[in-house]
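So the structure is just underneath, and the comments pick up after that.
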Amino acid sequence: MFEANSDKGSLQVRNVSKYFGTFCAVDGIDLEIQRGEFLTLLGPSGSGKTTLLMMIAGFLDITTGDIALDGNSISDVPAEKRNFGMVFQGYALFPHMTVRENVGYALSVRKRPESEIREKVNEMLDLVQLTEFADRKPGQLSGGQQQRVALARALCFEPPVLLLDEPLGALDKKLRVEVQDQLKDIHRRVGTTFIYVTHDQEEALSMSDRIVIMRDGAVEQVGTPYELYEKPINEFAAGFLGKSNFLHRSDGVYALRPEKIDIRPSGTGEGEPRLSGTIQSITYFGSMQRIMFLTTDGEELEVDIDSWRNRDPLAEGQSADLFWDKGAAVKLEE
Amino acid sequence: MNAIRKSLHPGWLLVAPFLLLVIALYLGPILNILWLSVTDPEPGMGNYRKLFVSDSLLRIFWTTIRICLITTVGSVLLGYSIAYAMVHCHQKQKSYMLTLLLVSFWISILVRTFSWLMLLGHRGLVNNALEGMGVISEPIAFMRNELGVLIGMIHYMIPYAVLPLLVNMQSLDMRVMDASRNLGASGQQTFMRVYLPLTLPGIVASSLLIFILSLGFYVTPAVLGGGKVLMIAEYISVQLLVTLKWGTAAMLAGLMLFGVLAMLYIMSRFMKLSAVFGGSA
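Chains as they are written, first to last, in numbering that gives the first Met the number 0: chain Y, 0 to 333; chain S, 0 to 280.
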């Protein structure tokens, strides 16, 4: 089975910046990426995540700072010598080659013997379940299949690091969820370090070991999906990863996830309600309901409740009380 | 009858007069030429037989094909470099280059041919300058030989080579080249294994275009060849105007016509194929 470079693949990004003229695209980023880790760079467009990935791949020069693989600087190593696999946005498959030739390309340009290439390509096609399409051209494949060819091609020469630039961007929603599972499974099996760029928070949450939230070329917060979701440090992190209510109090701003709030008709809850007010609107989503709530102080809150828990159906215009556990509201940094 | 009525759109009636006019004025003379080639001076295949017995005719034939082939290779090589430079330089430089290319397109072939004489002729600018500097003692014979014809023809054909290649190169997804480098291929490997195969349709298109256009070249060989390089088009005109052997001229014209049609057929086959393997990424 697939043998990854088990002793290689940690990546150090040290104070890396990128300027295009006077425009600063990436601003002094420090990152320590562990061997075998699935790290996601998450941010809106223009946040510098793709620029950072292109610098790691070697397609863009670093303005200042240094990138190192296993402690050895690679900033001056050209892209073709870095040995990083990459899955491009839109896949960038070779249209004039068959699937087999695409996947074997990296070994073929390294002048490996024909038999070794054949064996390795078969193994990769098996990994991505495309064995029966080996002799087709990329133009004859569906989007999802092309995506898997791109993945097999990038993994075929056993790179220590695999870079993925929005690889699911071109797929439709349903297929995307399916491919996420496959991608995570392949990551588990090959053990290669994955660096994954996306603007989709669901992809980031479901696949990553750690997520880097970026904005305007800088890192906002780094952590596991759990840490980022439960303990966002600022409004941007809380708002970009999942939804959040922001409560402005005298001692600062608190983030409160809509699903952590319990809502009861006035006077029916146990204990002292945290807030009271009226229900503005209820939107029904099947498994859950989204309630827009206006407090007596004029604050607007979003409350998500599971439909099955809504035993005493609430109505629009009704007064109600809000409850949440201690610690559910997270104090944000200034 | 019904089937014919169905397939005949009433629109055909509107264009029918013009269609008939074109057929009469275009196909008629061509058929007449073909008819001449087997009837003048006497009925039979005598004119075609000359191809195998007349040494001079054969020589003209091969000279024409040789010059056309060298012209094709030369202009496609130069055109490829120019198109490559245009695609990969800045937008502003690209529009300058395109303007220069189109300007040379618009200048009459006669003017361009004679300006080569001024530049490279016996007492031309280049020979004068080199002699003045003492680099050479005798003028170099650039003109009035096959070299002169080739220089003139390649120069004239370059825009025809650049345009199809430019269209081809502009349609390429450059991320594919990035992918090749990322997979460990050197610049040379990327060019040979990815860029060149993907620009092959453009190379074929411009090669056939230039070869076919070159076959009919008349002015440039006549002026720059100085009467020493006889190509088929000039020979045909001599047969028509001087020796009045219309049958021979008609035979040669017919051969050229069928040669070109055969090549166009091959081209259409090839371009359709290219759409299959190069059409979508």
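Beta carbons are placed, not taken as given, at the ideal position from N, Cα and C, and that holds for glycine.
Query                                                                                                                                   : Result
Partner residues on chain Y for Val241 of chain S, Cβ-Cβ distance less than 9 Å                                                         : Correct list: empty, because the minimum Cβ distance to chain Y is about 52 Å.
Rounded distance between the beta-carbons of Ile153 of chain S and Ile81 of chain S, thought under 8 Å                                  : Rounded, the Cβ-Cβ distance is 12 Å, inconsistent with contact.
Reduced DSSP secondary structure (H/G/I, E/B, other) of Ser265 of chain Y                                                               : coil
Residue-chain proximity (Gln169 of chain S, chain Y), Cβ-Cβ < 9 Å                                                                       : no
Val25 of chain Y to Ala217 of chain Y span [Cα, whole Å]                                                                                : 6 Å
Beta-carbon proximity list for Trp323 of chain Y, same chain, < 8 Å, skipping 5 on both sides                                           : Leu255, Lys259, Ile260, Asp261 and Arg273
Pairwise C-alpha distance: Ser179 of chain S and Ala78 of chain Y                                                                       : 10 Å
Extent of the continuous alpha helix (DSSP H) run through Met54 of chain Y                                                              : Lys48 to Ala56
Where Cys67 of chain S sits in the DSSP three-state scheme                                                                              : helix
Same chain, Cβ closer than 6 Å to Ser206 of chain S, five either side skipped, listed in chain order                                    : Thr71 and Val75
Three-pair Cβ contact test at 8 Å for the region 40-59 of chain Y versus the region 187-206 of chain Y                                  : yes
Burial state of Thr98 of chain S (16 or more Cβ within 10 Å)                                                                            : exposed
Length of the line joining the Cα atoms of Ser213 of chain S and Pro166 of chain Y                                                      : 49 Å
Chain-order list of residues whose beta-carbon lies under 8 Å from that of Leu170 of chain Y (same chain, five-residue window excluded) : Gly142, Gly143, Gln146 and Val178
Leu227 of chain Y beta carbon less than 9 Å from that of Ala236 of chain Y                                                              : yes
Closer than 9 Å to chain S by CB, Phe83 of chain Y                                                                                      : yes
Contact belief for Phe193 of chain Y with Leu163 of chain Y at Cβ below 8 Å, rounded distance in angstroms                              : 6 Å
Member of S:Gly186, S:Gly147, S:Leu195 and S:Val161 whose CA lies at the smallest distance from the CA of Val228 of chain S             : S:Gly147
Exposure label - Lys173 of chain Y; buried when at least 16 CB within 10 Å                                                              : exposed
Which residues DSSP lists as bridging Thr247 of chain S, in chain order                                                                 : Per DSSP, none; premise fails for Thr247 of chain S.
DSSP bridge partner residues for Gln288 of chain Y (one or two, in chain order)                                                         : Y:Tyr283 and Y:Ile304
Every unbroken alpha helix (DSSP H) inside the region 110-188 of chain Y [4 residues or more]                                           : 113-126 and 142-154
Residues of its chain near Phe1 of chain Y, where Cβ-Cβ distance is below 6 Å and the 5 sequence neighbours each way are ignored        : With a pLDDT of 46 at Phe1 of chain Y, under the threshold of 50, the modelled position of that residue is not reliable, and the figure given next carries that caveat. Taken in chain order, the residues that qualify are Val189.
Contact the region 89-107 of chain S vs the region 185-201 of chain S: 3+ CB pairs below 8 Å                                            : no
Cα-Cα separation between Val166 of chain S and Gly201 of chain S, rounded to whole angstroms                                            : 8 Å
Any C-beta of chain S under 9 Å from that of Lys80 of chain Y                                                                           : yes
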